[in-house]
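Protein chains in written order, with our numbering: chain P, 1090 to 1296; chain R, 1090 to 1296; chain E, 1090 to 1296; chain X, 1090 to 1296.
4 protein chains.
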Amino acid sequence: MSPRRRDADSTSTARTHRRAELLGIAAGIFAEQGYAATTIREVADAAGMLAGSLYYHFDSKESMADEILSTFLTELWESYDRILAANKGARETLEALIAASFTAIDAHRPAVVLYQNESKHLALSPRFAYLNESRSRFRDMWVGLLERGVREGAFRADLDVPLAYRFIRDTVWVAANWYAPGGRLSADMVAKQYLTMILEGIQPHPS
Amino acid sequence: MSPRRRDADSTSTARTHRRAELLGIAAGIFAEQGYAATTIREVADAAGMLAGSLYYHFDSKESMADEILSTFLTELWESYDRILAANKGARETLEALIAASFTAIDAHRPAVVLYQNESKHLALSPRFAYLNESRSRFRDMWVGLLERGVREGAFRADLDVPLAYRFIRDTVWVAANWYAPGGRLSADMVAKQYLTMILEGIQPHPS
Amino acid sequence: MSPRRRDADSTSTARTHRRAELLGIAAGIFAEQGYAATTIREVADAAGMLAGSLYYHFDSKESMADEILSTFLTELWESYDRILAANKGARETLEALIAASFTAIDAHRPAVVLYQNESKHLALSPRFAYLNESRSRFRDMWVGLLERGVREGAFRADLDVPLAYRFIRDTVWVAANWYAPGGRLSADMVAKQYLTMILEGIQPHPS
Amino acid sequence: MSPRRRDADSTSTARTHRRAELLGIAAGIFAEQGYAATTIREVADAAGMLAGSLYYHFDSKESMADEILSTFLTELWESYDRILAANKGARETLEALIAASFTAIDAHRPAVVLYQNESKHLALSPRFAYLNESRSRFRDMWVGLLERGVREGAFRADLDVPLAYRFIRDTVWVAANWYAPGGRLSADMVAKQYLTMILEGIQPHPS
DNA sequence: GATGAATGAGTTTTCATTCAT
DNA sequence: TATGAATGAAAACTCATTCAT
């Protein structure tokens, strides 16, 4: 509206875009090589600029990882919260959560790999305290869901819930390490297959 | 010949012991913090010596990782080969392989974590070519086993074998990240539970 | 000639004003933090602009220091030269010089601090040769004055003139580090007190 | 006594010596060029080693400044405290404090210059909080002494004590900027001359 | 006049490694 | 066997400066 408004908007939008672009590049390399093993220069090279120039956009290497992870987790929890709010049965909820997780892997594969591989060390620094919080919420969500499912008869009565929680959590997220968007299997198909294996196992049905 | 012969022998044994001890310390820190994020000084500190002193025992940081990984893989394959040589049915073989894997996790947890997290990057260097070989053998073993199981009717006919291979591989090895020797569940018990989940899933049996 | 002539004039005046304003800001920060420890960005922030924008006004960081110092020294010497031209007795001249110095501190405190702290290093570069010239003139002026005062009986006969020169010089200029314009004591009052201490010391008069 | 005792001692002594030596070199360059304008490489060059090697001895550039300043201040206060404990009259105490200050300048000239030029900025960081404490104690000591002297009739009744405190403080410490150990005037002689100027001024005695 | 994005040279710092003792 | 002191290469980061818009 104001004559300067469009400028301000386009500028701020452009900056946001550039940041996102650079973070995408960084996330890819962090995921591929590991955070500690990646140098700022490698990221800058991939972005077509000099190492120092990255510091115009970001405070530090750590703040890049921070932004990658927090952005990813925010989006992830939005999708999880939507599912939980739907208040479906245990089985359907589990199904939706797993599908959402594979959708997240599809959309943010490098961020997932980074989270998977580095969150343990990063969480030691106060700046990354939210990683621990997220982990707790995650555990509570799954354990709660599994316990409800056992009560409701959706899951086996003799399920070791804490163990099953880890089983599912690991199994799903580690898939980010090999999942290739655009490969033989789409995220949806992998999700469906994994769901079947998790629910019914790999043995033939006795029925 | 030398009057110190007996001494020399005992020294050499002691040296072997010391190496193993140091490698155990190194593996623990590598696993905890990541290989690239761990400094030689941290390892030396934990061993109660100065950084330079480690070089009396080892050529380089890389050679420590090398020795940790190759020792672990050698042992692992010995146990796998024994199982494969027994020529049991697909289901029993899978059962034994998973049990052996958890036994390995129990005995070499840091090495497993190191393998899990770093083998991808390390394998790029020729020195670690054996990592790739092991990975291939591993995949062939599992894919072969699963295909045989499908043929024999031990596993579901509609199993996506490559996917199931990854499912099992990831699920088992990632457990090293949280498994605590001496915790609530022994390696054997975790193996049994995981086996049930892998074979039958988490749903109640329709039977 | 040009139809924008009047504009151009007012613009040029405005430019001069803006320069002076920016130099004032820069001088303040240089004085507070030290020249080397101050970044162009800090100056720009304080001026409400971006670092690059300062380069529209000034060639370089060095040229800012240059302009701050040369402006200050030019004014200072004008006031000194007026005093020297009056050809008064040694005591009265000293009195006037000290008063003028405190007036300069009052008017150009940051410039004085900058001169005090940085002239030694800056003077190494040819661009700042005038700092050395000023220093020499300064010394000659004071040593000459003190020697004359000793000859005329205005100052103690046993005065170590080079030492007294430094004593006075340091004592006066270093006051810039704590003098606060608008504080308890005006520049005039500080000058008077300092003059008394320099002339008569802090002991009571035996008279 | 113990066979390893001599080794341990000589080692630790050697390290202390080396540290002190390096700190002396660093202090000299810091004083000459300013702390911020001095690079670690310059210090290392002067010490005949590579920049990185300095980090075997010191954590950071800042910690070098820290150690230089704290060592100096500790020694300075030891000498001041000895004087204050003697409980002499105001004039004699002032005399002794000024002499002690010039002795400190003689022994630790670079540290004094560093303190003089950089303590204001450094004191902003919590690590250098002791600089502010020292400054307060310093002011209290001098103000107390001057007030006592005025009461006892040792100093002029109309003395502006806070101003006189600054006058003396600055006058003495700034001398570190030009004082050359081994020059025309020894520290003792400078102290004596300064003391005369401070007590009696530069005018001839009316007596 | 000012911005936003970059450069490039330099800074502090890190760290695997070496080596005389 | 281990220490203490260093090396040297590379890391993260800084900052004065440039320039198209």
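From the three backbone atoms N, C-alpha and C, an ideal C-beta is built for every residue, glycine too.
Proximity test, Cβ basis, 7 Å: residue i and chain E
i: residue 1163 of chain X; result: no
i: residue 1267 of chain X; result: yes
i: residue 1252 of chain X; result: yes
i: residue 1232 of chain X; result: no
i: residue 1153 of chain X; result: no
i: residue 1091 of chain X; result: Since pLDDT at residue 1091 of chain X reaches only 39, below the 50 mark, its modelled position is unreliable, and no value is offered.
i: residue 1157 of chain X; result: no
Which listed residue (the options) has its alpha carbon closest to that of residue i
i: residue 1211 of chain E; options: E:1227, E:1182, E:1124, E:1165; result: E:1124
i: residue 1219 of chain E; options: E:1163, E:1273, E:1194; result: E:1163
i: residue 1286 of chain E; options: X:1244, X:1275, X:1148; result: X:1244
i: residue 1134 of chain P; options: P:1197, P:1118, P:1276, P:1147; result: P:1118
i: residue 1251 of chain P; options: P:1242, P:1229, P:1159, P:1141; result: P:1229
i: residue 1143 of chain R; options: R:1274, R:1277, R:1114, R:1159; result: R:1114
i: residue 1195 of chain E; options: E:1264, E:1146, E:1225; result: E:1264
i: residue 1136 of chain E; options: E:1108, E:1155, E:1239, E:1293; result: E:1108
i: residue 1165 of chain P; options: P:1140, P:1273, P:1198; result: P:1198
i: residue 1202 of chain P; options: P:1104, P:1294, P:1116; result: P:1116
i: residue 1281 of chain X; options: E:1159, E:1168, E:1248; result: E:1248
i: residue 1112 of chain R; options: R:1200, R:1167, R:1172; result: R:1200
i: residue 1278 of chain R; options: R:1217, R:1130, R:1190; result: R:1190
i: residue 1224 of chain P; options: P:1159, P:1130, P:1291, P:1152; result: P:1159
i: residue 1292 of chain P; options: R:1242, R:1227, R:1132, R:1105; result: R:1242
i: residue 1284 of chain E; options: X:1274, X:1273, X:1253; result: X:1253
i: residue 1170 of chain X; options: X:1273, X:1274, X:1227; result: X:1227
i: residue 1231 of chain X; options: X:1208, X:1173, X:1214, X:1192; result: X:1173
Proximity test, residue i beta-carbon vs the ligand GDP heavy atom, cut-off 6 Å
i: residue 1222 of chain X; result: The ligand GDP is absent from the structure shown, which contains no ligand whatsoever.
Partners in chain E for residue i, counting only beta-carbon separations shorter than 9 Å
i: residue 1242 of chain X; result: 1293
i: residue 1289 of chain X; result: 1245, 1289, 1290, 1291, 1292
Short CB-CB distance (under 7 Å) between residue i and chain X
i: residue 1276 of chain E; result: no
Beta-carbon neighbours of residue i, restricted to chain R and to distances below 7 Å
i: residue 1256 of chain P; result: 1260, 1283, 1286
Contact list for residue i against chain P, beta-carbon separation under 7 Å
i: residue 1249 of chain R; result: 1282
7 Å Cβ cut-off: residues of chain E touching residue i
i: residue 1210 of chain X; result: 1122, 1123, 1126
i: residue 1132 of chain X; result: The contacting residues do not exist; residue 1132 of chain X stays about 15 Å from chain E at best.
i: residue 1263 of chain X; result: 1259, 1263
Contact set between residue i and chain X, taken where Cβ atoms lie within less than 8 Å
i: residue 1279 of chain E; result: 1252
Minimum Cβ-Cβ distance from residue i to chain P less than 7 Å
i: residue 1136 of chain R; result: no
If you measure beta-carbon to beta-carbon, which residues of the region 1101-1125 of chain X are closer than 7 Å to chain E? Hits within the stretch, in order: 1122, 1123, 1125.
Measuring CB atoms only, is the region 1184-1198 of chain P touching the region 1255-1262 of chain P, in the sense that at least three cross pairs come out at less than 8 Å? The region 1184-1198 of chain P makes contact with the region 1255-1262 of chain P: 3 or more CB pairs, one atom from each, lie closer than 8 Å.
Give a yes or no on contact between the region 1121-1139 of chain R and the region 1265-1282 of chain R, applying the rule of three or more CB pairs nearer than 8 Å. No, the region 1121-1139 of chain R does not touch the region 1265-1282 of chain R.
Could you check whether the region 1233-1241 of chain X touches the region 1162-1179 of chain X, counting it as contact only if at least three pairs of C-beta atoms, one from each stretch, sit closer than 8 Å? The region 1233-1241 of chain X, when compared against the region 1162-1179 of chain X, does touch it at the 8 Å Cβ threshold.
For the region 1163-1185 of chain E, list every residue whose C-beta sits within 7 Å of some C-beta in chain X, in sequence order. In summary, no residue of the region 1163-1185 of chain E has a CB separated from any CB of chain X by less than 7 Å.
Got a sec: which bits of the region 1213-1229 of chain R sit with their beta carbon under 8 Å from any beta carbon on chain P, in order along the chain? Taking a C-beta cut-off of 8 Å against chain P, none of the residues of the region 1213-1229 of chain R qualify.
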